[in-house]
Amino acid sequence: MNKQTIITILLALVAMTGQAQEERIDTVIPKFLSNGYFFREMPQLPDGEKTMSRLKDKEGNSVTVINVNATLPKSVIRKAIPREQVHNADQFLSGLNMMATMTSLTQAGVKADGTWYSPKEGEPFPQFSERDMDGRTWTNDSVKGRVMVINLWYSGCGPCRAEMPILSEWKEQLPGVMFFSATYHDAETAKRITDKHHFTWTHLVEAKDMMAWIGYEGFPLTIVVDKKGIVRHAVHGTNETKREELLAKIKEAEAE
84 MNKQTIITIL
94 LALVAMTGQA
104 QEERIDTVIP
114 KFLSNGYFFR
124 EMPQLPDGEK
134 TMSRLKDKEG
144 NSVTVINVNA
154 TLPKSVIRKA
164 IPREQVHNAD
174 QFLSGLNMMA
184 TMTSLTQAGV
194 KADGTWYSPK
204 EGEPFPQFSE
214 RDMDGRTWTN
224 DSVKGRVMVI
234 NLWYSGCGPC
244 RAEMPILSEW
254 KEQLPGVMFF
264 SATYHDAETA
274 KRITDKHHFT
284 WTHLVEAKDM
294 MAWIGYEGFP
304 LTIVVDKKGI
314 VRHAVHGTNE
324 TKREELLAKI
334 KEAEAE
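For the sequence shown, the working numbering begins at 84 and goes up steadily by one.
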């Protein structure tokens with residue numbers, strides 16, 4: 084093999100390597116995700132009940148999720164972007180799976196008439212037995228005679244994460260109150276998120292039964308329970324006004 088042949092082969096290998104790298108880098112950011120398939124444009128979906136939401140990857144790219152309770156026609160699937168060509172496909176699909184899990188958990192208690200159980204103001208807080216990140220089990224007896232606040236969240240809820248440092252300040256202001264957060268995530272996942280956002284409450288993990296209190300309402304759900312075990316306030320969602328009202332209710336219950 085002469086020198087010219089060797090150089091030619093090396094150049095070909097470099098070109099092939101560069102092409103392979105370009106193929107890995109030159110991925111597509113999809114606009115739509117439907118029934119597990121990615122699309123550049125809005126697909127023609129079959130008739131059926133549809134749900135719509137949005138997902139973001141860690142780079143801030145977003146995709147509109149439209150799921151339909153029907154099988155996508157082959158003609159539609161043929162227009163889908165191959166998964167290996169989708170930029171951050173695994174992140175989007177992981178988010179989709181988490182959404183499916185949350186839907187299953189939050190709507191587990193929804194009845195045929197569209198209603199579900201959730202702790203109501205003026206009623207006793209339900210019996211519970213949940214484990215925290217350190218493995219300790221907490222029950223109603225654990226908080227007997229003390230004001231309790233419980234905040235339901237999950238990692239896909241941006242407002243939940245954003246308010247975590249603010250909620251931690253409440254614990255410093257009111258050391259006599261039992262502050263709990265509750266999530267369906269396992270201890271490792273919950274610790275990673277709460278450490279990152281400086282959330283210092285006692286964190287109940289794998290609290291799947293509590294997730295059913297969300298129903299068709301949104302996260303977070305924050306509940307204030309007085310010293311007698313009666314629900315004093317319960318609110319879905321979060322903003323400055325809601326937090327001010329919550330804090331006032333907590334202080335009121337603690338002062339009694």
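All C-beta atoms, glycine included, are put in the ideal place defined by N, C-alpha and C.
Can you check whether the CB of residue j is closer than 8 Å to the CB of residue i?
i: I149; j: L179; result: no
i: T80; j: S238; result: In this structure the chain extends from 84 to 339, so residue 80 is not present and cannot be described.
i: G312; j: N234; result: no
i: F302; j: C240; result: yes
i: A290; j: A265; result: yes
i: I249; j: R315; result: no
i: D269; j: V288; result: yes
i: T285; j: F262; result: yes
i: V151; j: S187; result: no
CA-CA distance, residue i and residue j?
i: V230; j: K254; result: 12 Å
i: G298; j: I112; result: 32 Å
i: E124; j: T220; result: 49 Å
i: S212; j: L155; result: 43 Å
i: S136; j: F115; result: 10 Å
i: E246; j: K203; result: 23 Å
i: I306; j: A163; result: 44 Å
i: G340; j: E132; result: Residue 340 falls outside the range modelled here, since the chain spans only 84 to 339, and no answer is possible.
Candidates the options: which alpha carbon is nearest residue i's?
i: L176; options: R161, R123, S201, V146; result: V146
i: M181; options: W236, K162, S201, N152; result: W236
i: Q256; options: T134, I160, D130, L330; result: L330
i: L138; options: D173, V260, K274; result: D173
Would you kindly report the start and end of the unbroken beta strand (DSSP E) that includes residue i?
i: R315; result: 314-319
i: L128; result: From DSSP, L128 is part of no beta strand (DSSP E); its letter is neither H nor E.
i: L287; result: 285-288
i: D215; result: 212-215
i: T147; result: 145-151
Assuming the contact rule is C-beta atoms closer than 8 Å, residue i and residue j should be a hit. Round their C-beta distance to whole Å, please.
i: T198; j: M294; result: Going by Cβ atoms, the distance from T198 to M294 rounds to 17 Å, so no, they are not a contact pair.
i: I333; j: V232; result: 6 Å
For the alpha helix (DSSP H) that residue i lies in, which residues bound it at each end?
i: N180; result: 172-189
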